[in-house]
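Student: Below: one structure in structure tokens.
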Amino acid sequence: MRYKTQKIAYWFFAACMLLFTLQIIYGFIMGFARMGYDGLHEIIPFNTARAVHTNLLVVWMLSGFMGAAYYIIPEESERELWMPKLAVIQLVSLLLVGVTAVIGYHFNYWEGRKFLEIPRELDYLVVINVLTFLLVIFMTIWKGKRKTTTAMVLFFGLLAAALLYLPGMITFKNIVFDSFFRWWVVHLWVEGVWELIMGAMLSFLLIKLTGIDREVIEKWLYVIVGFTFLSGILGTGHHYYYTGAPGYWLMVGGVFSALEPLAFLGMAMYALSMAKKGGRKHPNRIALMWTLGCAVMSFVGAGFLGFAHTLPGVNIWTHGTLVTAMHGHLAFWGAYAMIILAMISYVLPEMTGRSLYKSWMAEWAFWTTNIGMIGMTGAFGVMGIAQVYMERKAGMDFLEVQESLEVHAVGLVLAACLMTAGVILFIRNFIAYGLPVDPTETGGSSGAAGSAAGAFASSKKS
Ligand code: HEM
Ligand code: HEM
Ligand SMILES: [Fe+2]
Numbered sequence: 098m099r100y101k102t103q104k105i106a107y108w109f110f111a112a113c114m115l116l117f118t119l120q121i122i123y124g125f126i127m128g129f130a131r132m133g134y135d136g137l138h139e140i141i142p143f144n145t146a147r148a149v150h151t152n153l154l155v156v157w158m159l160s161g162f163m164g165a166a167y168y169i170i171p172e173e174s175e176r177e178l179w180m181p182k183l184a185v186i187q188l189v190s191l192l193l194v195g196v197t198a199v200i201g202y203h204f205n206y207w208e209g210r211k212f213l214e215i216p217r218e219l220d221y222l223v224v225i226n227v228l229t230f231l232l233v234i235f236m237t238i239w240k241g242k243r244k245t246t247t248a249m250v251l252f253f254g255l256l257a258a259a260l261l262y263l264p265g266m267i268t269f270k271n272i273v274f275d276s277f278f279r280w281w282v283v284h285l286w287v288e289g290v291w292e293l294i295m296g297a298m299l300s301f302l303l304i305k306l307t308g309i310d311r312e313v314i315e316k317w318l319y320v321i322v323g324f325t326f327l328s329g330i331l332g333t334g335h336h337y338y339y340t341g342a343p344g345y346w347l348m349v350g351g352v353f354s355a356l357e358p359l360a361f362l363g364m365a366m367y368a369l370s371m372a373k374k375g376g377r378k379h380p381n382r383i384a385l386m387w388t389l390g391c392a393v394m395s396f397v398g399a400g401f402l403g404f405a406h407t408l409p410g411v412n413i414w415t416h417g418t419l420v421t422a423m424h425g426h427l428a429f430w431g432a433y434a435m436i437i438l439a440m441i442s443y444v445l446p447e448m449t450g451r452s453l454y455k456s457w458m459a460e461w462a463f464w465t466t467n468i469g470m471i472g473m474t475g476a477f478g479v480m481g482i483a484q485v486y487m488e489r490k491a492g493m494d495f496l497e498v499q500e501s502l503e504v505h506a507v508g509l510v511l512a513a514c515l516m517t518a519g520v521i522l523f524i525r526n527f528i529a530y531g532l533p534v535d536p537t538e539t540g541g542s543s544g545a546a547g548s549a550a551g552a553f554a555s556s557k558k559s
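Residue numbering for the sequence shown follows the working numbering, beginning at 98 and increasing consecutively.
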């Protein structure tokens, strides 16, 4: 860590850990409900738990992206953050809005639109919050010594994510229109602009961890941005099949969304080849494992499992079933959870001067969370495919089918326990690192933890 104000990222990451924990608790409430044990139904019905689970997910990821930006941008721009106090206010207000929204859901204070449940009044506060964040980031880049491709892609990804929040705030009386524009937020976030944020974080981590020249790594970033836009924008059409939108979307959505996995494949190939080429080994191996793991798992969860139900002939059967939940879990995990955990794994030693990446906890956290998540994906897959055949092919009653899936939910909860054990280890390690210290106390270089990392960092131009 080079700049004092980068420390603010720590608090955003700590918020991530807290909200992630809460998200998992609500996941378990649903897991047990799916097993047939819905004891909390009167206080937390399934739909409330689901909205809380998915909204907490989005808030912790936004908090992770913001923390990452507050760390990356000063380093890339070579200056302290502009008005760091605003960043603190912004974190506190983000948490206040998030927590108010989540409490409100328990009292039916919401809009009821999947992923965009936040009531309109709170939407305005979200907008103000994100504008404040973007202002701090923009001013830091503007006043900085250099404007790198990584910083620009990160900034434009974040700016576009903010702009794309707005179509979700238009009110329509017609549900077809409402759904049409809801996807501008949900789809164009995860299959568009969030990929830019992920690509920029990946590029930053690869520059730091592989020792390969920035020019080479950033050239690839352009290719990924190109692929993402080429396929992802018109790929939105895979949500317009049979919804009342014009019929040509069947063709457009099918063709372009089928190309989307290429962007993720590109990212995986690029990350793996950079790691292989980078001859020198950075001592923080675990951060590299999360980085490469992210590139590979995002291809599996988003690219491969997304493709599995993206063609109109398949989606007509699988739409809105647990097949979607199967893909949703591994995609969010592989692409966005893992890149944030990679960033945290890289940043903590830099901020605290301690090298706990060597601890067994760090390694076990990686493997148990990933194996657990793969198990959960498998369980959702089995449930989803069984659901499609029973409910849609054989025409069985919806609730009768749900009941017959309860037995498979046991597998889901068992796998979720494994994954949770890993998350507990990750958080224990996070806490063990302790609070961040000033750069002077960690040695002040960009690779401060341990002399090996320091030597690694100073031997390359980054
Ligand atoms: C990291 C990237 C991705 C994430 C986080 C993600 C996540 C999700 C989530 C949460 C949903 C459910 C949305 C809702 O019903 O409101 C969904 C739906 C869907 N995703 Fe993805 N996805 C990603 C990439 C992809 C890709 C690359 C493809 C195609 C190749 C794809 C294909 C689909 C399809 C077809 C649906 C609709 C399922 C249905 O009809 O119920 N996704 N995705
Ligand atoms: C570890 C404990 C977890 C459990 C037990 C769990 C369980 C569940 C359940 C039962 C659902 C509802 C599926 C349905 O409609 O019936 C759900 C939805 C969802 N969960 Fe989790 N989950 C967990 C962790 C996670 C994590 C770590 C992520 C992201 C990285 C995640 C992302 C999602 C998403 C995106 C949805 C909505 C899927 C859709 O739109 O179909 N969950 N989860
Ligand atoms: Fe999509």
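Ideal placement from N, C-alpha and C gives every residue a C-beta, glycine not left out.
Could you give the DSSP three-state label for Tyr123: helix, strand or coil?
Tutor: Walking along the sequence shown from the start, residue 123 turns up at place 26. Of the three classes helix, strand and coil, the one that applies to Tyr123 here is helix, per DSSP.
Student: Identify the continuous alpha helix (DSSP H) that holds Lys490 and give its terminal residues.
Tutor: Looking up residue 490 in the sequence shown gives position 393. Neither: Lys490 is in no alpha helix (DSSP H) and is coded neither H nor E.
Student: Please report the straight-line C-alpha distance between Thr474 and Gly431, rounded to a whole angstrom.
Tutor: Within the sequence shown, residue 474 is the residue found at index 377, counting from 1. Within the sequence shown, residue 431 is the residue found at index 334, counting from 1. Taking the straight line from one Cα to the other gives about 11 Å.
Student: Do you know offhand how far Val520's Cα is from Gly344's?
Tutor: The count along the sequence shown starts at 1 and reaches residue 520 at position 423. The count along the sequence shown starts at 1 and reaches residue 344 at position 247. Their Cα atoms are separated by approximately 44 Å.
Student: So what does DSSP say about Ala210, is it helix, strand or coil?
Tutor: Here the question's residue 210 lines up with position 113 in the sequence shown. Checking the sequence shown, residue 210 turns out to be Arg, not Ala. DSSP places Arg210 in coil when its eight states are reduced to three.
Student: Let me know if Phe324 comes out buried or exposed under the rule of 16 or more other beta-carbons within 10 Å of its beta-carbon.
Tutor: Stepping through the sequence shown from its first residue, residue 324 is reached at position 227. Buried: at least 16 other Cβ atoms inside 10 Å.
Student: Using C-beta distances below 7 Å, list every residue in its chain close to Val194, excluding the 5 sequence neighbours before and after it, in chain order.
Tutor: Within the sequence shown, residue 194 is the residue found at index 97, counting from 1. Closer than 7 Å at Cβ, skipping near neighbours: Leu219, Leu222, Val223 and Asn226.
Student: Reducing DSSP to helix, strand and coil, say where Trp179 ends up.
Tutor: The sequence position of residue 179 within the sequence shown is 82, counting from 1. It is coil, neither helix nor strand.
Student: Would you tell me roughly how many angstroms separate the C-alpha atoms of Pro171 and Val273, rounded to the nearest one?
Tutor: Taking the first residue of the sequence shown as position 1, residue 171 is located at position 74. Taking the first residue of the sequence shown as position 1, residue 273 is located at position 176. Rounded to whole angstroms, Pro171 to Val273 spans 44 Å at the Cα level.
Student: Any idea what DSSP makes of Met98, helix, strand or coil?
Tutor: On the sequence shown, residue 98 is found 1 positions in, with the first residue counted as 1. Note: Met98 maps to coil in three-state DSSP.
Student: Helix, strand or coil: how does DSSP classify Arg311 here?
Tutor: What you label residue 311 is simply residue 214 of the sequence shown in a count that begins at 1. Note: Arg311 maps to helix in three-state DSSP.
Student: Can you give the Cα-Cα distance for Val352 and Ile330, rounded to whole angstroms?
Tutor: Looking up residue 352 in the sequence shown gives position 255. Looking up residue 330 in the sequence shown gives position 233. So the two alpha carbons sit approximately 12 Å from each other.
Student: Does any heavy atom of ligand 1 sit closer than 7 Å to the C-beta of Asn412?
Tutor: By one-based count along the sequence shown, residue 412 stands at place 315. Checking every heavy atom of ligand 1 against the Cβ of Asn412, one is found closer than 7 Å.
Student: What is the residue span of the alpha helix (DSSP H) that Lys373 lies within?
Tutor: Start at 1 with the first residue of the sequence shown, and residue 373 comes out as number 276. Note, Lys373: alpha helix (DSSP H), Pro358 to Lys374.
Student: Between Ile169 and the rest of its own chain, which residues show a CB-CB distance below 8 Å, the 5 nearest in sequence each way excluded?
Tutor: As a first step, residue 169 must be located in the sequence shown, where it is residue number 72. Thr247, Ala248, Leu251, Ala297, Met298 and Phe301, listed in sequence order.
Student: Please classify Leu342: does DSSP put it in a helix, a strand, or coil?
Tutor: Translated into positions along the sequence shown, residue 342 becomes position 245. According to the sequence as given, residue 342 is Ala; it is not Leu. Of the three classes helix, strand and coil, the one that applies to Ala342 here is coil, per DSSP.
Student: At 4 residues or longer, and completely inside the region 193 to 260: list those alpha helix (DSSP H) runs for me, N to C.
Tutor: List check, alpha helix (DSSP H) in window: 217 to 240 and 246 to 260.
Student: Please determine if the region 460 to 480 and the region 412 to 428 are in contact, where contact requires at least 3 C-beta pairs separated by less than 8 Å.
Tutor: With the cut-off at 8 Å, the region 460 to 480 and the region 412 to 428 touch.
Student: Buried or exposed, going by whether 16 or more other CB atoms sit within 10 Å of the CB of Asn467?
Tutor: Residue mapping note: residue 467 aligns to position 370 of the sequence shown, counting from 1. Flag for Asn467 reads buried.
Student: According to the Cβ coordinates, are Leu509 and Arg147 closer than 8 Å?
Tutor: Here residue 509 corresponds to residue number 412 of the sequence shown, with the count starting at 1. Here residue 147 corresponds to residue number 50 of the sequence shown, with the count starting at 1. Their beta carbons are not under 8 Å apart, which means Leu509 does not touch Arg147 by this criterion.
Student: Helix, strand or coil: which one does DSSP assign to Asn271?
Tutor: Here residue 271 refers to the residue found at position 174 when the sequence shown is read from its first residue. In the structure shown, Asn271 sits in coil (DSSP, three-state: anything other than H, G, I, E or B).
Student: Can you give me the start and stop residues for the alpha helix (DSSP H) that Asn381 sits inside?
Tutor: Counting from 1 along the sequence shown, the entry for residue 381 is found at position 284. Premise fails: Asn381 is in no alpha helix (DSSP H) and is neither H nor E.
Student: Measure the alpha-carbon distance for Ala165 versus Pro264 and round it to whole angstroms.
Tutor: Along the sequence shown, read from residue 1 onward, the residue named residue 165 stands at position 68. Along the sequence shown, read from residue 1 onward, the residue named residue 264 stands at position 167. If I take the Cα positions, the gap works out to 26 Å.
Student: In chain order, what residues of the same chain have a beta carbon less than 7 Å from the beta carbon of Gly472, not counting five sequence neighbours either side?
Tutor: Locating residue 472 in the sequence shown gives position 375, counting from the first residue. Answer for Gly472: Ala512 and Leu515, listed in chain order.
Student: In whole angstroms, give me the CA-to-CA distance for Tyr433 and Leu532.
Tutor: Taking the sequence shown and counting its residues from 1, one reaches residue 433 at position 336. Taking the sequence shown and counting its residues from 1, one reaches residue 532 at position 435. Answer to the nearest angstrom: the Cα atoms are 25 Å apart.
Student: What does the alpha-carbon distance come out to for the pair Met448 and Met295?
Tutor: Within the sequence shown, the letter at position 351 stands for residue 448. Within the sequence shown, the letter at position 198 stands for residue 295. C-alpha separation (whole angstroms): 21 Å.
Student: Can you list every residue whose CB sits closer than 6 Å to some heavy atom of ligand 3, going in chain order?
Tutor: Here the residues come out as His284, Glu288, His335 and His336.
Student: Going by alpha carbons, who is nearest to Ile309 out of Lys242, Gly375 and His150?
Tutor: Sequence index remark: in the sequence shown, residue 309 carries index 212 (1-based). The shortest Cα separation from Ile309 among Lys242, Gly375 and His150 belongs to Gly375.
Student: Could you please give the first and the last residue of the uninterrupted alpha helix (DSSP H) stretch that includes Ile140?
Tutor: Position 43 of the sequence shown, counting from 1, holds the residue named residue 140. Looking at the DSSP string, Ile140 is not in any alpha helix (DSSP H), and its letter there is neither H nor E.
Student: Ligand 2 and Val510: does the residue's C-beta get closer than 7 Å to at least one heavy atom of that ligand?
Tutor: Translated into positions along the sequence shown, residue 510 becomes position 413. Flag set: Cβ of Val510 near ligand 2.
Student: Which term fits Tyr564, buried or exposed, when burial requires 16 or more other beta carbons within 10 angstroms of its beta carbon?
Tutor: This structure cannot settle anything about residue 564, because the visible part of the chain is limited to 98 through 559.
Student: Straight-line CA distance for Asp275 to Phe212?
Tutor: In the sequence shown, the residue the question calls residue 275 occupies position 178. In the sequence shown, the residue the question calls residue 212 occupies position 115. Distance between the alpha carbons of Asp275 and Phe212: 13 Å.
Student: How many angstroms separate the CA atom of Phe162 from the CA atom of Ile437?
Tutor: Residue 162 sits at position 65 when you count from the first residue of the sequence shown. Residue 437 sits at position 340 when you count from the first residue of the sequence shown. One C-alpha to the other measures close to 7 Å.
Student: Look up Val283 in the DSSP assignment and say whether it is helix, strand or coil.
Tutor: Taking the sequence shown and counting its residues from 1, the one referred to as residue 283 is at position 186. Helix, per DSSP.
Student: Tell me whether the beta-carbon of Met114 lies closer than 8 Å to the beta-carbon of Phe429.
Tutor: On the sequence shown, position 17 is the one that residue 114 refers to. On the sequence shown, position 332 is the one that residue 429 refers to. It is not a contact, given that the beta carbons lie outside the stated cut-off.
Student: Given that a residue counts as buried once 16 or more other Cβ atoms are within 10 Å of its Cβ, and exposed if not, what is Asn205?
Tutor: Your numbering for residue 205 matches position 108 in the sequence shown. Exposed is the call here.
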